[in-house]
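Chains as they are written, first to last, in the numbering used here: chain A, 67 to 263; chain B, 67 to 263.
Structure follows, in structure tokens:
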């Protein structure tokens, strides 16, 4: 499985945003929607071996985490608006205490924070931190179930980075130019595709 | 310069679409908007050495071509909706006979067809056709001013491909998996960035 964890530092966890304003009032939920596209979209289908965790860290009702699983997801299209609609529907769901709610097939929502997510994933694979000073992905020896961790349009906070570094992640970069999170996901997917992983 | 030409086979040239419906009624203008993102967006800026030609081939008023130049463009943001708005504004412009109209800084619109675009670009660089049976981009010797040509969610038509092949393009592929046009652009940009081109 390829896991992706993206922190939406200002992304509104209460789902009270308009689909016309996902790049503004939603706290840059557009970035998260594009990361979903990069994580799953193929020309003729969906990547079934991918799972994404989007951490909504903005607003009073934060944090919440929307999880999308590629082998279960339905109604996922490549455009930002329809993806943001899936995310908003999840954020508007009532979440049972300490549990995860199903929003639509393959789309789940919980009250997990970034710290909860990485603690939970620690047993499932090996962390890979995408960071500009990392070693080049092209020489990287991918672990079996990589858990790629990225910030949205701002880096992980100091505390988030500290918690991640305590997990002993590999640190990789994708090239000489600093890129958006969704572009980084495309590049890492391509490298794994080329290796047949 | 890195040139990109994308054919929007059903993309509505008259601009009569709603921004809420760019993936539907607009004839998949969402794909074109994502290609604009891939052509220009860097983490901290815009690629000034890129120019994109989006050919709108759908509806009665077709064809039209929207050209965006990275060194001139203003008001360009990464999200699909605001990009679609720039494109729609251009499509709604009155175009002087045989000329190109300026819609907003760096955004231009003309009545050029795909054939007009490739004829016009032929003097400016060398064509590179992105196609699944091409040779691997990683071994590709990039020409000085590459003109990358891609279809949207469907391949070039037979006639379009024939016209392109008459220009003697190089043909390259990006990896073992068939990808969306905007993802292909990310991969080709990364390869050029790595070579310092």
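Cβ atoms here follow ideal geometry from the backbone N, Cα and C, with glycine treated the same way.
Query, Result
"Tell me whether residue 186 of chain B is buried or exposed, calling it buried when 16 or more other Cβ atoms sit within 10 Å of its Cβ.", "exposed"
"Mind pulling the chain B residues with CB within less than 8 Å of residue 146 of chain A?", "96, 145, 146 and 147"
"With burial defined as no fewer than 16 other Cβ atoms inside 10 Å of the residue's Cβ, what is the status of residue 169 of chain B: buried or exposed?", "buried"
"In the DSSP assignment, find the unbroken alpha helix (DSSP H) run with residue 180 of chain B in it and report its ends.", "180-187"
"Find the residues of chain C that neighbour residue 260 of chain A, judging by a C-beta separation of less than 8 Å, and give them in chain order.", "The structure shown has no chain C; the protein chains it does contain are A and B."
"Check for me: the beta strand (DSSP E) holding residue 155 of chain A runs from which residue to which?", "Premise fails: residue 155 of chain A lies in the alpha helix (DSSP H), 146-157, not in any beta strand (DSSP E)."
"Per DSSP, what kind of secondary structure is residue 228 of chain A in: helix, strand or coil?", "helix"
"Starting from the Cα of residue 76 of chain A, find the closest Cα among A:206, A:89, A:85 and A:67 and give me that residue.", "A:89"
"Taking 7 Å as the cut-off, is the C-beta of residue 237 of chain B nearer than that to any heavy atom in the ligand GDP?", "Looking for the ligand GDP in the displayed structure turns up nothing, as the structure carries no ligands at all."
"Just reading off the beta strand (DSSP E) that residue 104 of chain B is part of, what are its end residues?", "Counting along the chain, residue 104 of chain B falls outside any beta strand (DSSP E), though it belongs to the alpha helix (DSSP H) covering 95-106."
"Within 8 Å of any Cβ in chain A, is that where the Cβ of residue 89 of chain B sits?", "yes"
"Does residue 112 of chain A have its Cβ less than 8 Å from a Cβ in chain B?", "no"
"DSSP three-state call for residue 257 of chain B: helix, strand or coil?", "helix"
"Kindly give me the distance between the Cβ atoms of residue 175 of chain B and residue 161 of chain B, rounded to whole angstroms, as I take these residues to be in contact under 8 Å.", "6 Å"
"Quick check on DSSP: helix, strand or coil for residue 120 of chain A?", "strand"
"Quick check on this structure: which residue in B:200, B:136, B:153 and B:141 has the alpha carbon closest to the alpha carbon of residue 250 of chain B?", "B:200"
"Under 8 Å between C-beta atoms, does residue 222 of chain A make it to chain B?", "no"
"For residue 126 of chain A, count the other beta carbons within 10 Å of its own beta carbon; 16 or more makes it buried, fewer makes it exposed. Which is it?", "exposed"
"Under three-state DSSP, which class holds residue 204 of chain A?", "helix"
"Count the other CB atoms within 10 Å of the CB of residue 248 of chain A; is the residue buried (16 or more) or exposed (fewer)?", "buried"
"How about residue 230 of chain A and residue 193 of chain A: are their beta carbons less than 8 Å apart?", "yes"
"Tell me whether the beta-carbon of residue 204 of chain B lies closer than 8 Å to the beta-carbon of residue 257 of chain B.", "yes"
"Can you list the residues of chain A that residue 107 of chain B reaches, using a CB-CB cut of under 7 Å?", "246"
"In this structure, how does DSSP classify residue 199 of chain B when only helix, strand and coil are distinguished?", "strand"
"Counting only Cβ pairs nearer than 9 Å, list the residues of chain B close to residue 115 of chain A.", "Neighbours of residue 115 of chain A on chain B: none; closest Cβ ~12 Å, over 9 Å."
"Considering only residues of the same chain and omitting the five flanking positions on each side of residue 124 of chain A, which have a CB-CB separation below 8 Å?", "74, 75, 76, 77, 78, 79 and 93"
"What does the alpha-carbon distance come out to for the pair residue 71 of chain B and residue 86 of chain A?", "28 Å"
"With H, G and I counted as helix, E and B as strand and the rest as coil, what does DSSP make of residue 79 of chain B?", "coil"
"Give me the chain B residues within the contact set of residue 249 of chain A, using Cβ-Cβ distance strictly less than 7 Å, ordered along the chain.", "252"
"With distances taken between CB atoms, is the gap from residue 129 of chain B to residue 177 of chain B smaller than 8 Å?", "yes"
"Just to confirm, are residue 153 of chain B and residue 120 of chain B a CB contact at a threshold of 8 Å?", "yes"
"Find the residues of chain A that neighbour residue 86 of chain B, judging by a C-beta separation of less than 8 Å, and give them in chain order.", "85, 86 and 147"
"Please confirm if residue 211 of chain B has its CB atom under 8 Å from at least one CB of chain A.", "no"
"Give every residue of the same chain whose Cβ lies closer than 7 Å to the Cβ of residue 222 of chain A, excluding the five residues on either side of it in the sequence, and list them in chain order.", "73 and 230"
"Please report the residue range of the beta strand (DSSP E) in which residue 140 of chain B lies.", "Run containing residue 140 of chain B: none; DSSP gives neither H nor E here."
"Spell out whether any CB of chain A is found under 8 Å from the CB atom of residue 225 of chain B.", "no"
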